[in-house]
Amino acid sequence: MIKIILMISLFFFTLSVADEQKSKTETGATVGANLSAELKNGKLKAQTICSACHGLDGQAASGGNSVIIPNITAQHKDYLIARLKAYKSDKIQHPQMTVIAKMLSEQDIENVSEWYSRIKVRIFDPNLVLAKPSQ
Ligand code: HEC
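Residue numbering for the sequence shown follows my numbering, beginning at 115 and increasing consecutively.
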């Protein structure tokens, strides 16, 4: 009887250790479960349409024309929405962005704006960085 109780408790102990290890490895924004529906859909759109130019992380670093493609990481959500709606309604015209914005629904605009605005960056003041070259 004691043996059975021991075996059962060992079984549950193993399960809880495995669970703990699983949750330790699953950190960061790549964990789908951490994302709201808006973020998940925004990420998907960003991956399929925007990332070619703005990067999935909003940093336009894909070579070639990337210097004339704005970085949109951590931009205010309302600003991104306003710009995308302005392209969509022809208030601003741009050979690429007008076409792209017209492919987006109002909900898509919300979602991609949520995605790019929620990516956070650390700001480095060049004065401070230059004053402390060793860091
Ligand atoms: C073919 C390349 C390309 C793709 C794909 C693309 N963009 Fe752009 N995007 C640009 C360029 C170039 C500009 C600068 C346009 C201008 O000067 O008005 C821009 C501008 C923007 C701006 C305005 C930024 C600002 O600071 O005013 C936003 C917001 C934006 N893009 C979001 C998106 C989103 C969201 C997607 C995906 C749905 C996307 N873009 C896909 C090239 C692209």
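For every residue, glycine included, the Cβ atom is placed at its ideal position computed from N, Cα and C. These numbers were taken from a predicted model, which means no experiment stands behind them.
Assigned exposure category for residue i - 16 Cβ within 10 Å defines buried
i    : result
E220 : exposed
K205 : exposed
K159 : buried
R236 : exposed
L242 : exposed
Helix, strand or coil at residue i [DSSP, three-state]
i    : result
P240 : helix
S150 : coil
S203 : coil
S219 : coil
A174 : coil
Y230 : helix
H208 : coil
T187 : coil
V235 : coil
G156 : helix
K136 : Because the pLDDT at K136 is just 46, under 50, the model does not fix this residue reliably, and the value given afterwards should be weighed accordingly. Note: K136 maps to helix in three-state DSSP.
Cβ-heavy atom distance, residue i to the ligand ZN, below 7 Å
i    : result
V235 : The ligand ZN is not part of this structure, which contains only the ligand HEC.
Below-8 Å beta-carbon distance, residue i vs any chain C residue
i    : result
A160 : Within the model displayed, chain C is absent; a lone protein chain is all it includes.
Reference residue i; option with closest CA among the options
i    : options                : result
D192 : F238, P240, Y230       : Y230
T187 : H208, R232, E152, N155 : R232
P184 : K202, S203, Q210       : Q210
K264 : A200, D222, K202       : With the chain running from 115 to 249 in the structure shown, residue 264 is simply not present.
T195 : G156, A147, S150, L242 : Sequence inspection shows Ile at residue 195; the Thr mentioned does not correspond to that position. Minimum Cα distance to I195 is reached at G156.
Q189 : V181, L198, I182       : L198
*Looking at C-beta atoms only, is the number of pairs between the region 156-172 and the region 214-234 that lie closer than 8 Å three or more?*
yes
*For the ligand HEC, enumerate in chain order all residues having a CB closer than 5 Å to any of its heavy atoms.*
I163, C164, A166, C167, I183, P184, L194, R197, H208, Q210, M211, I214, V226
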